[in-house]
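Residue numbers (the numbering used here), protein chains in the order written: chain A, 34 to 550; chain B, -10 to 366; chain C, 943 to 1127.
Data first, discussion second: the structure below is written as structure tokens.
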């Protein structure tokens, strides 16, 4: 009935269907995840032992830079948009996103943007090598020729994100089924709505930053050059004004995913729904006033350091509320531990550990000892990998039955989980120690006092990398041979996608809006 | 069974975290307390936060593990119905706020103290450049570059942490550092002193330390902590502390050294060097100072580090070649070597570059030529 | 989608695009905003432009040490320094310090000095009535020059600041100036 769909290659080029576009985003993000992961393997191979064995320092800097850019802008962000596309219309009873043609364009910009970025590896002078944070003047005055392609790629990718965010906001505000008030929406929709506002506020600031970089490089301006009356520190302020909300953009949808999954497998409603909404909104608002906690060593006046330290510590409060609410959801529930639940539980535990190192980093006088060391690398990888990525992985396992109508192999899923759990901790936990011992970031070689920690991290990384291939195999086998999924695959699930739609969900759903009570 | 495995995993991860918190000060796993009053206060604050985090994790993860065991479906088939409790939510909002206040108060005090560089007893200007540090004592006529000692290998204890000229400071003295950079942003860090400050081109930042007398004779090592290009990992910070008396003696010695070096440079400049002598010294200087960017074979890593073999500069007018070596080139990675090498070394390395790799210009650059160039003649 | 929904969507989209455009401009606005904020609070060590000397009561009871640092950015071959390393001054008193610069190279070079004050909070209270840093300096090959700098320190300098460090970093801006000239031809 609602299942006619075009076929062939052009289906994907011209599609305006949110399910198709969601799938494209997810596959694209996974490919980028593997590419960014391959770069991480190069990094960890070089860092396996002291001494320079495999790559030149300049190429190493290209690897760390591109790894960061690809993972942030190519893997995490598009994967979240993929989830939004698949789930938001179904969860609110809408037939599609509000702006389906813009939706198509938002996706297709990305392969072009990343082709541009990746091709810089083959340009003279190599790829960008100044860190994903591209501080001036290293990036403006001393960057390789490919820097201009980097700027163009960032602009393109930024436009994609902004258009995606507009689409989410308009969809959520204007296309909810009758009876679906804002406070009845699934929390995933809430977290994405708030994320979309963060995106439209800060992606333009990133665009401004790289534009200023471009004019400094080629059009005679001196925004970030002291000789012309500018200030390199100004770059950091403008960048991190984007950069800090950006990290919340990367995690808020994962909070939403986990808030859907844990109630299902606890067979109990999410504890404190309205607090979860307010906490998410508070985190988003606070994220605008903490940016300079990335800059404690820059020579900021004490008054500034104090303000940013205190504001940053404040964010721990709503974040803590969310963690406690997840725990309270499980408390006295009736728990089972299918793969999505395992990833979600691991998310709560390991993201919280990342949060602990975050509180430590917020304390400015001690941050002087952590800043720009592997302690920071440990912190953000904990909140990003067992945080954002485990969240997305949990989402894929949870909703794949709905999307594809096929069930994944539960034993294989659990193996994937345990391998991921072991290797992610083996990779990133030792980095806390190498950082505390004094190992700086972004160095291709190190003194032997850091050797053991690096060896364990590299072993963990190789295992973690292989495990992702295993995940790919699981997904491919499911799509090919998976058992037929139930309409309501999970006993404790609720929401329109589970209660009102078959598995797989038809190509067109909710052409007539459902009634929500 | 899945539950038992979860339990073991849960306890294991908890213990790992607790173990981290239980580790003693001297342990390899922990941050070092350092040797100054501020570094020890920073360490204590660090430990305080770690303990608080451990305590919170015991409570939170403990509750989760309890649920995994006692609220699993097989043990607890009927889920409770509650999804709300204003009282509980208020409690777990207020308690974290109180904990944060408890942590913030000592943090504020320590931060203000660490950022108070007033009334120093001596000041040193620290300038970061690609890829070395420069130290200038403001009250004395002493300044020098501090380069990575590249003779050490990864098997050596101080690999990547040793320099040719360490920064020497007196113990029991409030030393202020005025940190800046001459190209990109660098950052000067000595973990044992808990001193880290970014070096921003065009601006100065100040920080300070005061090392108790009992640590006289010791050496402390740190690294650059802001990505600054290719050799960011190869510009260590080495600080050696001397007693006040020994420091005075060291200053006197530096004075003598400076006079002797000036004399030697003048003598070398007065001589006329033959090609063999120039090429020998030139190769030595090139390998030590130029080869890491321009490569031993002269092919460089274009476009950031141009080739010198067949290059227009090495084959073109001598004066332009001298200019770029002595003064560097603004906006590029080519630093000014005028202040870093003697006139003889400069003459030799330029001669070497003009004749090696079959450049074969036959040009000889004399130390006197360099001297004349610097004087503007 | 019906007409009414399309209209609603359009209105919302326009509002969102206004926010986006506004935030893009905000990024650029951060530059002057940052400067205004720093100017008002004086907290980042940047000195202001030219000041006028107002005949204020010189606070003879107070002595403030001001020291002068110079450093040279890469690719700038000039010799550059101050004739005195430091001075003891009274707040409110107009003082002069002479800097020297020499261009030993064979070509004309244009330099720009950038001042920076430490501690940052003190910058608000340092007033320069005459400074070579206000303009670019052009030196012919071999030319030497003395550059005076006149300043006074505000009498309301906080009590706990007894020492100021004024640093100048000298940049070679010849290429940038020539490029700009070329562009405006």
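The C-beta atom is built at its ideal place from N, Cα and C for all residues, glycine as well.
Small disclaimer: the values here were computed from a predicted structure and weren't measured.
Please tell me whether residue 969 (chain C) has its Cβ less than 8 Å away from any Cβ of chain A.
yes
Handout entry: Anticipated Cβ contact below 8 Å, residue 470 (chain A) with residue 462 (chain A), distance rounded
Key = So it is not a contact: roughly 14 Å between Cβ atoms.
TODO: Could you confirm whether any beta carbon from chain A is found closer than 8 Å to the beta carbon of residue 993 (chain C)?
DONE: no
request  = Using only alpha-carbon positions, find the residue among A:336, A:68, A:294 and A:191 that is nearest to residue 243 (chain A).
outcome  = A:191
Three-state secondary structure (DSSP) of residue 1048 (chain C): coil
Would you check if the distance between the CB atom of residue 334 (chain A) and the CB atom of residue 1062 (chain C) is smaller than 8 Å?
-> yes
ask   = Can you list the residues of chain A that residue 220 (chain B) reaches, using a CB-CB cut of under 7 Å?
value = 90
Straight-line gap, residue 47 (chain B) to residue 375 (chain A) (C-alpha atoms, nearest Å):
20 Å
Based on DSSP bridge pairs, tell me the residues matched to residue 117 (chain B). B:122 and B:170
Reducing DSSP to helix, strand and coil, say where residue 242 (chain B) ends up.
helix
Exercise. What is the DSSP secondary structure of residue 232 (chain A), counted as helix, strand or coil?
Worked result: helix
Compute the Euclidean distance between the alpha carbons of residue 348 (chain B) and residue 298 (chain B), then round it to the nearest angstrom.
6 Å
* Is residue 1108 (chain C) closer than 8 Å to residue 1057 (chain C) when the C-beta atoms are compared? -> yes
Query raised in the report: Would you call the stretch 303 to 310 of chain A and the stretch 214 to 221 of chain A in contact, with 3 or more CB pairs under 8 Å?
Result: yes
### Cβ-based burial, residue 949 (chain C) [other Cβ within 10 Å; buried from 16]
exposed
Q) Is residue 1052 (chain C) close to chain A, meaning its C-beta is less than 8 Å from at least one C-beta of that chain? A) no
Inter-stretch contact at 8 Å, needing at least 3 Cβ pairs: the stretch 532 to 545 of chain A / the stretch 123 to 131 of chain A: yes
Exercise. Between residue 241 (chain A) and the rest of its own chain, which residues show a CB-CB distance below 8 Å, the 5 nearest in sequence each way excluded?
Worked result: 271
What's the call for residue 206 (chain B), buried or exposed, on a 16-neighbour Cβ count within 10 Å?
exposed
Q.
Measuring straight from C-alpha to C-alpha, what distance separates residue 285 (chain A) and residue 414 (chain A)?
A. 16 Å
Q) Any beta-carbon of chain A closer than 8 Å to the one on residue 1115 (chain C)? A) yes
ask   = In terms of residues, what are the limits of the alpha helix (DSSP H) holding residue 359 (chain B)?
value = 356 to 364
Quiz prompt | Residues, ordered as in the chain, of the stretch 166 to 179 of chain B that lie near chain C by beta-carbon distance below 8 Å | solution = 167, 169, 171 and 172
Checklist line | Residues near residue 1103 (chain C) in its chain [Cβ-Cβ closer than 6 Å; skip 5 each side] | finding: 1064
message = Between residue 1061 (chain C) and chain B, is the shortest Cβ-Cβ distance under 8 Å, so that the two count as touching?
response = yes
- Item | Bridge-paired residues (DSSP) for residue 1111 (chain C) | C:1013 and C:1056
Roughly how many angstroms lie between the CA atoms of residue 100 (chain B) and residue 190 (chain B), to the nearest whole one? 25 Å
Practice problem: Measure the alpha-carbon distance for residue 212 (chain B) versus residue 148 (chain B) and round it to whole angstroms. | Solution: 12 Å
- Task: Could you spell out where the beta strand (DSSP E) holding residue 159 (chain B) opens and where it closes?
- Result: 156 to 159
Assuming residue 122 (chain A) contacts residue 38 (chain A) (C-beta within less than 8 Å), just tell me the rounded distance between them. The pair is not a contact, with the Cβ atoms about 16 Å apart (cut-off 8 Å).
- Given a threshold of 16 other Cβ atoms within 10 Å of its Cβ, counted over all protein chains shown, does residue 1049 (chain C) qualify as buried or as exposed? exposed
Problem set entry | Close-in-space but distant-in-sequence residues of the same chain around residue 13 (chain B) (CB under 7 Å, 5 per side omitted) | Note on residue 13 (chain B): pLDDT 49, under 50, position unreliable in the model; the coordinate value appears next. Within the same chain, residue 13 (chain B) has no close Cβ partners at all.
- Query: Mind pulling the alpha helix (DSSP H) runs of 4 or more residues that sit fully within the stretch 332 to 420 of chain A?
  - Reply: 335 to 363, 372 to 395, 397 to 403 and 407 to 416
Exercise. Could you say which of C:1118, C:1006 and C:1092 lies nearest to residue 1100 (chain C) if we only look at CA atoms?
Key: C:1006
- Task: Check each candidate in A:84, A:387, A:393 and A:382 and name the one with the smallest Cα separation from residue 326 (chain A).
- Result: A:393
* Should residue 15 (chain B) be labelled buried (16 or more other beta-carbon atoms within 10 Å of its own) or exposed? -> A caution first: residue 15 (chain B) carries a pLDDT of 45, below 50, which makes its placement in the model too unreliable to give a value.
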